[in-house]
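**Q** Numbering (the UniProt record's numbering), first residue to last: 1 to 292. Where is the CB? At the ideal position from N, CA and C, for every residue including glycine.
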Amino acid sequence: MISAEHAKVFTHDWSITIPERPSVRYIHTPLSRLDEWLGMLTNPANRPHDATLRSKEWDQAAMEELRATTIKKHHRALTEFDGLSMMVLVDGQLVGGGNYSLLPTGEVNLGMMFEESARGKGLGKLTMQVLIKLGQRLGIKRLEAGTMKSNQAMQALMARLNIPGRDEIKEAPGRGVVAEILYDIPETVEWEIDLQLEFGGPMAENGEGEAVYPPVLGPSWNGNVIVSTLLSGLGGQKCPDVAPAVGVLCVHATQQDQKTCLSIGGAALLSQPYRRRAPRRLPRSLSFIVLV
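Pasting the structure below:
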């Protein structure tokens with residue numbers, strides 16, 4: 001979806017604020033608030049133009065399946081960068097959400113939804129502006145959005161942003177037709193928005209909001225620096241107790257030409273080939289704990 005240099009947007013907590021709307025805040029959706037998110041997602045009043053989801057019966061089995069699928073997508077996005085969701089908060093309360101989804105054809109689709117009570121307050125336009133500007137900041141070249149012909153509000157919103165649409169049917173597996181009008185987002189737009197992005201810590205947690213770490217694969221490099229390789233949130237378990245250390249430094253790593261580059265805030269700490277104790281095949285990004 002994007003280059004590894006922007007991995008922090010996928011792997012860390014963050015928030016976005018707009019000075020002109022101080023009560024509104026956007027946050028990287030945490031699994032600790034998953035129940036709130038799923039409650040909004042499955043409320044038919046919040047999806048009036050999605051016939052499939054509107055008519056679906058959300059019994060216990062369906063909710064458990066949706067919960068498992070959402071957690072799986074969340075964890076996959078930490079390393080594959082193929083999706084990103086954000087919560088829209090007003091005075092700390094969840095009122096809506098936005099998301100990016102990488103399509104098989106290479107485009108990145110923008111989507112958003114709101115609680116019925118939050119509509120008509122300018123949040124739709126503001127959220128679409130945030131999605132577009134953040135996507136452009138990440139270097140995403142092929143942004144698109146879609147809507148149904150019955151969604152007059154979305155069509156009016158895109159018209160106000162001077163983004164023309166075209167009639168085209170878009171289908172999704174298991175959901176049928178999800179759009180009848182598509183919008184290709186231009187690489188430059190006529191309007192500006194003061195988007196303030198602030199990062200928090202690494203986003204690796206389970207459905208209960210607890211940090212999770214997969215099994216340690218063993219020390220690497222030399223006896224003075226112990227690097228415990230931890231796949232971010234995948235099949236994880238709580239970090240085990242280790243030998244006493246002066247400090248614990250959490251860093252992020254990406255594989256580049258068979259080398260591992262450890263970094264904090266984009267500053268390279270060290271780079272060298274994996275040694276024999278590391279796994280043979282590596283995902284594109286990893287989380288590490290360095291004990292010093």
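What do you get for Ile169, buried or exposed, if any count of 16 or more other CB atoms within 10 angstroms of its CB means buried?
**A** Taking the sequence shown and counting its residues from 1, one reaches residue 169 at position 169. When all chains shown are included, Ile169 counts as exposed.
**Q** Is the beta carbon of Val130 within less than 7 Å of some heavy atom of the ligand SAH?
**A** Ligands displayed in this structure: none; no statement on the ligand SAH is therefore possible.
**Q** Measuring CB to CB, does Ile18 end up less than 8 Å from Leu195?
**A** As a working mapping, residue 18 is identified with position 18 in the sequence shown. As a working mapping, residue 195 is identified with position 195 in the sequence shown. Yes, they are a contact pair.
**Q** Please report the residue range of the beta strand (DSSP E) in which Arg194 lies.
**A** Against the sequence shown, residue 194 aligns to sequence position 194. Rather than Arg, the amino acid found at residue 194 in this sequence is Asp. Asp194 -> no beta strand (DSSP E), and no H or E assigned at all.
**Q** What's the gap between the Cα of Gly146 and the Cα of Gln60?
**A** Sequence index remark: in the sequence shown, residue 146 carries index 146 (1-based). Sequence index remark: in the sequence shown, residue 60 carries index 60 (1-based). Approximately 30 Å, taken between the alpha carbons.
**Q** I need the straight-line Cα distance from Met87 to Met40, nearest angstrom please.
**A** Sequence index remark: in the sequence shown, residue 87 carries index 87 (1-based). Sequence index remark: in the sequence shown, residue 40 carries index 40 (1-based). Taking the straight line joining both Cα atoms gives about 11 Å.
**Q** Do you know offhand how far Val189's Cα is from Ile163's?
**A** Indexing the sequence shown from 1 puts residue 189 at position 189. Indexing the sequence shown from 1 puts residue 163 at position 163. About 9 Å.
**Q** Distance check for Leu31 and Gly96, CA to CA, integer angstroms please.
**A** Taking the first residue of the sequence shown as position 1, residue 96 is located at position 96. Taking the first residue of the sequence shown as position 1, residue 31 is located at position 31. Using only the alpha carbons, I get a separation of about 16 Å.
**Q** Could you give the DSSP three-state label for Met154: helix, strand or coil?
**A** For the purposes of this step, residue 154 is taken as residue 154 along the sequence shown, with counting starting at 1. In this structure, Met154 counts as helix in the three-state DSSP scheme.
**Q** Within the same chain, show all residues whose beta-carbon is closer than 7 Å to that of Ser55, passing over the 5 residues directly before and after it, in chain order.
**A** Counting from one through the sequence shown, the residue named residue 55 turns up at place 55. For Ser55, where only same-chain residues beyond five positions count, there are no Cβ hits under 7 Å.
**Q** To the nearest angstrom, report how far apart Pro22 and Glu180 are at their CA atoms.
**A** Counting from one through the sequence shown, the residue named residue 22 turns up at place 22. Counting from one through the sequence shown, the residue named residue 180 turns up at place 180. Taking the straight line joining both Cα atoms gives about 35 Å.
**Q** In three-state DSSP terms, what is Thr105?
**A** On the sequence shown, position 105 is the one that residue 105 refers to. Coil.
**Q** Could you have a look at Trp58 and say whether DSSP puts it in helix, strand or coil?
**A** Working through the sequence shown from its first residue, we reach residue 58 at position 58. Coil, per DSSP.
**Q** Drop a sphere of 10 angstroms on the beta-carbon of Gly92, count the other beta-carbons inside from all chains shown, and report buried for 16 or more, exposed for fewer.
**A** Position 92 of the sequence shown, counted from the start, is the residue given in the question as residue 92. Classification of Gly92: exposed, given that the 10 Å Cβ count is below 16.
**Q** If we count the other Cβ atoms within 10 Å of its Cβ and call it buried at 16 or more, is Thr79 buried or exposed?
**A** Within the sequence shown, the letter at position 79 stands for residue 79. Thr79 is buried by the Cβ-count criterion.
**Q** Please return the same chain residues whose Cβ sits closer than 7 Å to the Cβ of Thr127, not counting the five positions on each side in sequence.
**A** Locating residue 127 in the sequence shown gives position 127, counting from the first residue. Val88, Gly96, Gly98, Met112, listed in sequence order.
**Q** Return the residue from the list Leu84, Leu197, Phe199 that minimises the CA-CA distance to Leu103.
**A** To locate residue 103, count along the sequence shown from 1; it is residue 103. The shortest C-alpha separation from Leu103 is found at Leu84.
**Q** Taking 8 Å as the cut-off, does the region 6-18 touch the region 131-143 (at least 3 CB pairs, one atom from each stretch)?
**A** Counting Cβ pairs under 8 Å, three or more are found: they touch.
**Q** With which residues is Met203 paired in a DSSP beta bridge?
**A** In the sequence shown, counting from the first residue as 1, residue 203 sits at position 203. Answer is none; Met203 lacks a bridge partner.
**Q** If Phe114 and Asn46 are in contact, beta carbons under 8 Å, what's the gap, nearest whole angstrom?
**A** The residue given as residue 114 occupies position 114 in the sequence shown. The residue given as residue 46 occupies position 46 in the sequence shown. Yes, they are in contact, since the Cβ atoms of Phe114 and Asn46 sit about 7 Å apart, within 8 Å.
**Q** May I ask you to report which of helix, strand or coil DSSP gives His28?
**A** Locating residue 28 in the sequence shown gives position 28, where the first residue counts as 1. Looking at His28 - three-state DSSP - the assignment turns out to be strand.
**Q** Measuring alpha carbon to alpha carbon, tell me which residue in Thr52, Asp50, Glu65 is nearest Leu38.
**A** The residue labelled residue 38 in the question sits at position 38 within the sequence shown. Considering only alpha carbons, the answer is Glu65.
**Q** Measuring alpha carbon to alpha carbon, tell me which of Glu36, Ala51, Leu123, Lys73 ends up nearest Ser150.
**A** The residue labelled residue 150 in the question sits at position 150 within the sequence shown. Taking only the C-alpha atoms, the option nearest Ser150 is Ala51.
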